[in-house]
Amino acid sequence: MSKIGIFNWHRLFKTDKFYLLVCASSLFVLIILFAITVFLLFSAMPALESSQTGLLGISWYKSSEANNILDFCLPLVFSTILSSLLALVIALPVSIGVALFITFYAPPKLAAIASWVIDILASIPSIVYGLWGIFVLCPFLNVFTGNLISSPPRVLFTLSIVLAVMIIPIITSIIRDIYTGTPHLDIEAAYGLGATKWEMIRLSVLPYGAQGAMSAAMLGLGRALGETMAVLIILSPGRSYSFNIFGVSSHQTIAGNIAAQFPEANSLGVSLLTVTGLVLFIITFLVNWAAKKIAKSGVANV
Amino acid sequence: MSKISSFRVNLLSKNGLKSKVLFKNIKNNRLSKFIKPSSRVISRQRRQFDNFMKVLIFLSFIIVSIPLVSIIYIVVANGLTQITPYFLTHTMKGVMGGFSPFGGILHALVGTILITLGAMVISIPIGILTAIYLVEYAKGNKLSSIVNTLVDIMSGVPSIVAGLFAYSLFALFFGPTAVFGISGSLALSVLMIPTIIRSTQEMLNLVPNQLREASYGLGVSKFRTIIKVVLPTAFSGIVTGVLLSIARVIGETAPLLLTAGSIDSLNLNLFSGRMMSLPVYIYNEYSQGLAVCTNNIFGADCLSDIRMQRAWSAALVLFIFIIILNLVGTTIKKRILKKRGK
Numbered sequence: 019m020s021k022i023g024i025f026n027w028h029r030l031f032k033t034d035k036f037y038l039l040v041c042a043s044s045l046f047v048l049i050i051l052f053a054i055t056v057f058l059l060f061s062a063m064p065a066l067e068s069s070q071t072g073l074l075g076i077s078w079y080k081s082s083e084a085n086n087i088l089d090f091c092l093p094l095v096f097s098t099i100l101s102s103l104l105a106l107v108i109a110l111p112v113s114i115g116v117a118l119f120i121t122f123y124a125p126p127k128l129a130a131i132a133s134w135v136i137d138i139l140a141s142i143p144s145i146v147y148g149l150w151g152i153f154v155l156c157p158f159l160n161v162f163t164g165n166l167i168s169s170p171p172r173v174l175f176t177l178s179i180v181l182a183v184m185i186i187p188i189i190t191s192i193i194r195d196i197y198t199g200t201p202h203l204d205i206e207a208a209y210g211l212g213a214t215k216w217e218m219i220r221l222s223v224l225p226y227g228a229q230g231a232m233s234a235a236m237l238g239l240g241r242a243l244g245e246t247m248a249v250l251i252i253l254s255p256g257r258s259y260s261f262n263i264f265g266v267s268s269h270q271t272i273a274g275n276i277a278a279q280f281p282e283a284n285s286l287g288v289s290l291l292t293v294t295g296l297v298l299f300i301i302t303f304l305v306n307w308a309a310k311k312i313a314k315s316g317v318a319n320v
Numbered sequence: 024m025s026k027i028s029s030f031r032v033n034l035l036s037k038n039g040l041k042s043k044v045l046f047k048n049i050k051n052n053r054l055s056k057f058i059k060p061s062s063r064v065i066s067r068q069r070r071q072f073d074n075f076m077k078v079l080i081f082l083s084f085i086i087v088s089i090p091l092v093s094i095i096y097i098v099v100a101n102g103l104t105q106i107t108p109y110f111l112t113h114t115m116k117g118v119m120g121g122f123s124p125f126g127g128i129l130h131a132l133v134g135t136i137l138i139t140l141g142a143m144v145i146s147i148p149i150g151i152l153t154a155i156y157l158v159e160y161a162k163g164n165k166l167s168s169i170v171n172t173l174v175d176i177m178s179g180v181p182s183i184v185a186g187l188f189a190y191s192l193f194a195l196f197f198g199p200t201a202v203f204g205i206s207g208s209l210a211l212s213v214l215m216i217p218t219i220i221r222s223t224q225e226m227l228n229l230v231p232n233q234l235r236e237a238s239y240g241l242g243v244s245k246f247r248t249i250i251k252v253v254l255p256t257a258f259s260g261i262v263t264g265v266l267l268s269i270a271r272v273i274g275e276t277a278p279l280l281l282t283a284g285s286i287d288s289l290n291l292n293l294f295s296g297r298m299m300s301l302p303v304y305i306y307n308e309y310s311q312g313l314a315v316c317t318n319n320i321f322g323a324d325c326l327s328d329i330r331m332q333r334a335w336s337a338a339l340v341l342f343i344f345i346i347i348l349n350l351v352g353t354t355i356k357k358r359i360l361k362k363r364g365k
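Chains as they are written, first to last, in this note's numbering: chain L, 19 to 320; chain C, 24 to 365.
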């Protein structure tokens with residue numbers, strides 16, 4: 019009688035005021051997410067309803083030469099996903115390496131230092147990463163690329179390296195936690211079969227952590243997709259479906275575009291930016307949801 | 024022998040922390056040294072590959088350290104030039120181009136602190152109460168699994184989307200010029216709430232069940248058990264979580280760029296007018312580029328790269344904030360984990 023549906027109704031109304039309070043606060047979490055969706059939709063409405071001629075009143079929409087909103091969003095989506103995937107490709111092997119280093123290779127003191135490095139990297143603000151990208155990484159890359167690409171190389175490739183550095187701590191700390199949880203029996207069994215250390219890792223640690231690593235990678239991807247300041251500072255914006263990651267002025271991400279155009283946007287412009295923000299929200303939602311699903315289906319829970 | 028079997032039993036338990044601690048013990052006891060095969064059995068090829076991977080793995084650590092070292096170096100080296108008492112106690116009001124007086128970050132510092140305090144006021148009660156609900160009241164029921172999923176989704180919300188949300192919420196009620204400090208606080212709290220919930224959950228789970236049971240056994244109500252027994256036990260852990268979540272959001276730029284805007288003078292009111300914050304200050308100074316010093320009609324000192332100097336110095340101040348928050352947070356956390364693990 020007392021438990022009907024998701025609430026303990028009896029408790030809710032008869033006895034415990036505190037129960038009411040904690041219930042309300044967890045419902046508030048639900049409400050916030052609901053509100054994010056509703057308010058973004060609400061704010062996006064004018065642009066979605068507006069005709070092409072109305073939209074042409076926005077200067078940067080006009081100069082983008084898009085035929086409709088979808089046409090406007092897709093190159094942004096393309097660049098966002100391309101830069102994040104590239105960042106992930108760079109970050110994942112390094113993260114796995116560092117996680118293995120911390121759990122299996124480093125002596126305890128060095129492992130502690132490595133963990134500290136990861137923690138500090140995770141907490142550096144994105145604006146500082148952006149400044150680092152433009153003032154340190156760009157000149158550094160310029161030494162190698164010279165005049166082959168633009169100087170400074172404010173291209174997607176540089177951005178992806180910075181994004182990779184930003185997501186490495188996230189991926190590493192998750193993978194590290196999973197690797198430390200590898201059943202010791204598996205490790206002993208591998209050694210018992212005469213495996214070397216690397217063979218032991220390949221036989222017992224990597225398979226055990228595979229799903230967790232996938233999930234961590236998705237979470238890292240989700241973070242890279244929404245990164246704003248590094249994009250805003252490093253990338254010289256453009257619109258194309260080009261896979262040329264060294265091409266100047268050929269990419270711009272959703273988040274970077276919002277931050278770049280927002281200060282000067284009129285109300286319809288803000289509305290159009292909200293549409294792109296909504297698209298970003300949906301993409302990150304899907305990526306994080308996939309991460310959660312992968313983690314749940316695996317042995318290790320993230 | 025008995026030691027090893029106790030490892031096995033404990034590793035079977037789902038408590039990740041326990042197995043982590045035990046794993047460390049195994050490492051420290053150097054058991055793995057005994058179960059390693061002697062190198063003579065292994066062919067040269069396999070041994071070489073093993074060494075190759077070892078080098079690669081060490082290399083990955085070095086690769087990760089390079090950006091950190093170079094970031095710390097560049098922020099400290101460039102930032103120290105401008106950090107003076109003057110810089111910390113003056114705003115940018117009346118500062119022109121690259122001319123002296125060079126101005127400071129007081130308004131940004133105060134803005135960051137106020138906006139973060141606002142975000143704390145919103146997110147700490149919600150975060151802690153939700154965690155209490157999830158751990159103490161609703162383990163495994165339907166609402167808790169929904170809320171758990173939502174917290175995961177919420178922690179994946181991009182910061183710029185949080186900014187857009189806060190902006191559109193306030194724009195709906197106060198018109199499109201609604202750019203307030205509190206709007207920034209709301210955006211930051213969207214980012215803070217999930218981290219606070221997760222860390223508080225973790226800490227509440229660390230509270231031994233015996234304590235709760237002992238309290239119930241004395242006839243104490245659930246509410247009083249939570250307030251008098253569970254929360255005090257987990258208190259320092261919860262504080263740690265809050266500190267780390269502040270460290271996470273204090274450097275957020277994009278949402279504040281959208282919601283709190285930028286301004287040259289001090290604003291102490293969260294509920295009206297634009298409010299500068301440190302990250303936005305850094306971006307602002309960076310984006311204005313070099314100052315022009317050739318036409319020096321004032322006869323004052325002029326530095327053409329003063330804006331970049333200010334940006335680096337502000338970045339250093341922000342950096343120090345974050346490092347302190349992190350150090351305090353992680354030290355407390357380590358101490359707790361050590362205490363609970365044993």
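Note that beta-carbon positions come from the ideal geometry of N, C-alpha and C, so glycine has one too.
Simplified DSSP assignment, three categories, for residue i
i                  : result
Phe-294 of chain C : coil
Val-44 of chain C  : With a pLDDT of 47 at Val-44 of chain C, under the threshold of 50, the modelled position of that residue is not reliable, and the figure given next carries that caveat. Here Val-44 of chain C sits in helix by DSSP.
Phe-84 of chain C  : helix
Phe-122 of chain C : strand
Cys-316 of chain C : coil
Asn-319 of chain L : The predicted model places Asn-319 of chain L with a pLDDT of 44, which falls under 50 and marks its position as unreliable, so this point remains unresolved.
Spatially closest choice to residue i from the options, by CA coordinates
i                  : options                                    : result
Met-247 of chain L : L:Leu-221, L:Thr-271, L:Leu-155, L:Thr-121 : L:Thr-271
Ser-206 of chain C : C:Met-299, C:Glu-308, C:Pro-108            : C:Met-299
Gly-244 of chain L : L:Thr-121, L:Ser-144, L:Ser-260            : L:Ser-144
Asn-290 of chain C : C:Ile-343, C:Leu-313, C:Phe-203            : C:Phe-203
Thr-104 of chain C : C:Leu-339, C:Ser-268, C:Ile-85             : C:Leu-339
Val-183 of chain L : L:Ala-228, L:Asp-204, L:Ser-101            : L:Ser-101
Ala-207 of chain L : L:Pro-126, L:Arg-220, L:Pro-255            : L:Arg-220
Leu-152 of chain C : C:Phe-193, C:Ile-220, C:Lys-116, C:Val-174 : C:Ile-220
Val-315 of chain C : C:Lys-245, C:Glu-308, C:Tyr-309, C:Asp-328 : C:Asp-328
Thr-114 of chain C : C:Leu-195, C:Leu-267, C:Ile-128            : C:Ile-128
Ile-138 of chain C : C:Ala-210, C:Leu-157, C:Ser-182            : C:Ala-210
Phe-122 of chain L : L:Gln-279, L:Ser-178, L:Leu-224, L:Pro-281 : L:Leu-224
Leu-346 of chain L : L:Pro-281, L:Val-154, L:Leu-106            : The displayed coordinates of chain L run from 19 to 320. Any statement about residue 346 of chain L would go beyond what the structure contains.
Asp-89 of chain L  : L:Leu-66, L:Ile-252, L:Ile-108             : L:Leu-66
Ser-233 of chain L : L:Val-180, L:Leu-92, L:Ser-267, L:Ile-312  : L:Ile-312
Ala-309 of chain L : L:Phe-280, L:Leu-239, L:Cys-41, L:Glu-83   : L:Leu-239
Whether residue i touches residue j by CB criterion (9 Å)
i                  : j                  : result
Val-184 of chain C : Phe-46 of chain L  : no
Ser-178 of chain C : Asn-306 of chain L : yes
Gly-352 of chain C : Ala-270 of chain C : yes
Gly-230 of chain L : Ile-192 of chain L : yes
Leu-173 of chain C : Leu-48 of chain L  : yes
Tyr-197 of chain L : Ala-117 of chain L : yes
Ser-133 of chain L : Ile-120 of chain L : yes
Ile-176 of chain C : Phe-303 of chain L : yes
Proximity test, Cβ basis, 9 Å: residue i and chain C
i                  : result
Leu-88 of chain L  : no
Ser-102 of chain L : no
Arg-172 of chain L : no
Pro-64 of chain L  : no
Trp-78 of chain L  : no
Tyr-123 of chain L : yes
Neighbouring residues, chain D, relative to residue i (Cβ below 8 Å)
i                  : result
Phe-153 of chain L : Given the protein chain composition of this structure (L and C), no chain D is represented.
Cβ of residue i within 9 Å of any chain L Cβ
i                  : result
Phe-197 of chain C : no
Pro-302 of chain C : yes
Asp-175 of chain C : yes
Leu-292 of chain C : The sequence given here has Asn at residue 292 of chain C, not Leu. Chain L contact via Cβ: absent.
Thr-172 of chain C : yes
Val-87 of chain C  : yes
Ser-206 of chain C : no
For the stretch 297 to 313 of chain C against the stretch 127 to 147 of chain C, are there 3 or more C-beta pairs whose distance is under 8 Å?
-> yes
State whether the stretch 302 to 311 of chain C contacts the stretch 269 to 285 of chain C, with contact taken as three or more CB pairs (one from each stretch) at a distance under 8 Å.
-> yes
Touching by the beta-carbon criterion (3+ pairs, under 8 Å), the stretch 128 to 143 of chain L and the stretch 181 to 195 of chain L | yes
Would the stretch 138 to 150 of chain C and the stretch 213 to 226 of chain C be scored as touching if the rule is three or more Cβ pairs under 8 Å?
-> yes
Decide yes or no for the touch test of the stretch 86 to 106 of chain C against the stretch 323 to 337 of chain C: beta carbon pairs closer than 8 Å, at least 3 of them.
-> yes
Kindly confirm or deny that the stretch 280 to 288 of chain L and the stretch 251 to 259 of chain L touch, where touching means at least three C-beta pairs closer than 8 Å.
-> no
Examine the Cβ distances between the stretch 185 to 202 of chain C and the stretch 75 to 83 of chain L and report whether three or more of them are shorter than 8 Å.
-> no
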